Amino acid sequence: AQSVAQPEDQVNVAEGNPLTVKCTYSVSGNPYLFWYVQYPNRGLQFLLKYITGDNLVKGSYGFEAEFNKSQTSFHLKKPSALVSDSALYFCAVRDPFPRGGYNKLIFGAGTRLAVHP
Amino acid sequence: ETGVTQTPRHLVMGMTNKKSLKCEQHLGHNAMYWYKQSAKKPLELMFVYNFKEQTENNSVPSRFSPECPNSSHLFLHLHTLQPEDSALYLCASSQDPAGVYNEQFFGPGTRLTVL
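Sequence order for the protein chains is A and B.
Here the first sequence is numbered in the numbering used here, starting from 5 and rising by one per residue.
Here the second sequence is numbered in the numbering used here, starting from 9 and rising by one per residue.
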């Protein structure tokens, strides 16, 4: 079965330090991977995606993610965390098997990032 | 703003009430989705509409009834809900639901509380 795992419920980082939010996946064929962020009382916002090509993907708000095929990982990173980055982060993978003309996204359970001043 | 709006933002209802959630997307997308987000649980896909046709009903109880009158509007009709249905209900849309560039754009959600 296709799946996404976010092994950490919460990540705590001091402002100015680098941050990493982990994601591993299990999917048949080539993975198409996404990161979303959810701020309090808001819906999910698309951050970045990996389809093919360069393993380092750059996205919104200074975030980037590194695709590692051998480790089946797609970790989200930022060189210098801001307090305003505190939010809930979701990793997702596209289900490669369409149903009804649709390929659904399979989401991880989410990781709460807390950046402390 | 993502181009997807949802109303109301908050809703409190009793178990015998009937209410509806509304979603509208201004992005010209072809697919629309309802998700349920409960605390400490993964996002649950409920319904998918692709070109106004329902293509997914993820074993959702019949007390939730979706309606998609056109590709820009999506409703979720609620009746005789249970307290465990209290959650954040998110609407999303995407341009190409079967392609690789099918990132979804989400609305702000409706926080539903069932008493």
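Glycine is no exception: its CB is placed at the ideal position from the N, C-alpha and C atoms.
Source: prediction; values computed, not measured.
Inter-residue CB distance, residue i and residue j (contact presumed, cutoff 8 Å)
{"i": "residue 12 of chain A", "j": "residue 115 of chain A", "result": "5 Å"}
Rounded straight-line distance, which links the Cα of residue j to that of residue i
{"i": "residue 39 of chain B", "j": "residue 14 of chain B", "result": "16 Å"}
{"i": "residue 30 of chain A", "j": "residue 55 of chain A", "result": "15 Å"}
{"i": "residue 29 of chain B", "j": "residue 81 of chain A", "result": "36 Å"}
{"i": "residue 95 of chain A", "j": "residue 77 of chain B", "result": "31 Å"}
{"i": "residue 66 of chain A", "j": "residue 87 of chain A", "result": "13 Å"}
{"i": "residue 115 of chain B", "j": "residue 10 of chain B", "result": "7 Å"}
{"i": "residue 104 of chain B", "j": "residue 37 of chain B", "result": "8 Å"}
Where residue i falls: helix, strand or coil (DSSP)
{"i": "residue 106 of chain A", "result": "strand"}
{"i": "residue 20 of chain B", "result": "strand"}
{"i": "residue 69 of chain B", "result": "coil"}
{"i": "residue 65 of chain A", "result": "helix"}
{"i": "residue 77 of chain B", "result": "strand"}
{"i": "residue 19 of chain A", "result": "coil"}
{"i": "residue 92 of chain B", "result": "helix"}
{"i": "residue 125 of chain B", "result": "This structure cannot settle anything about residue 125 of chain B, because the visible part of chain B is limited to 9 through 123."}
{"i": "residue 31 of chain A", "result": "coil"}
{"i": "residue 51 of chain B", "result": "coil"}
{"i": "residue 32 of chain B", "result": "strand"}
Residue i, enclosing beta strand (DSSP E) - first and last residue
{"i": "residue 86 of chain A", "result": "Per DSSP, residue 86 of chain A belongs to no beta strand (DSSP E) and is neither H nor E."}
{"i": "residue 61 of chain A", "result": "60-62"}
{"i": "residue 120 of chain A", "result": "115-120"}
Interface partners of residue i on chain B, CB under 7 Å
{"i": "residue 109 of chain A", "result": "112"}
Contact set between residue i and chain A, taken where Cβ atoms lie within less than 8 Å
{"i": "residue 39 of chain B", "result": "106"}
Listed by chain order, chain B residues near residue i by CB distance under 8 Å
{"i": "residue 49 of chain A", "result": "10 and 114"}
Residue i Cβ short of 7 Å to the ligand NAD heavy atom set
{"i": "residue 13 of chain A", "result": "The ligand NAD is not part of this structure, which contains no ligands at all."}
Closer than 7 Å at the beta carbon, the chain A residues around residue i
{"i": "residue 117 of chain B", "result": "47"}
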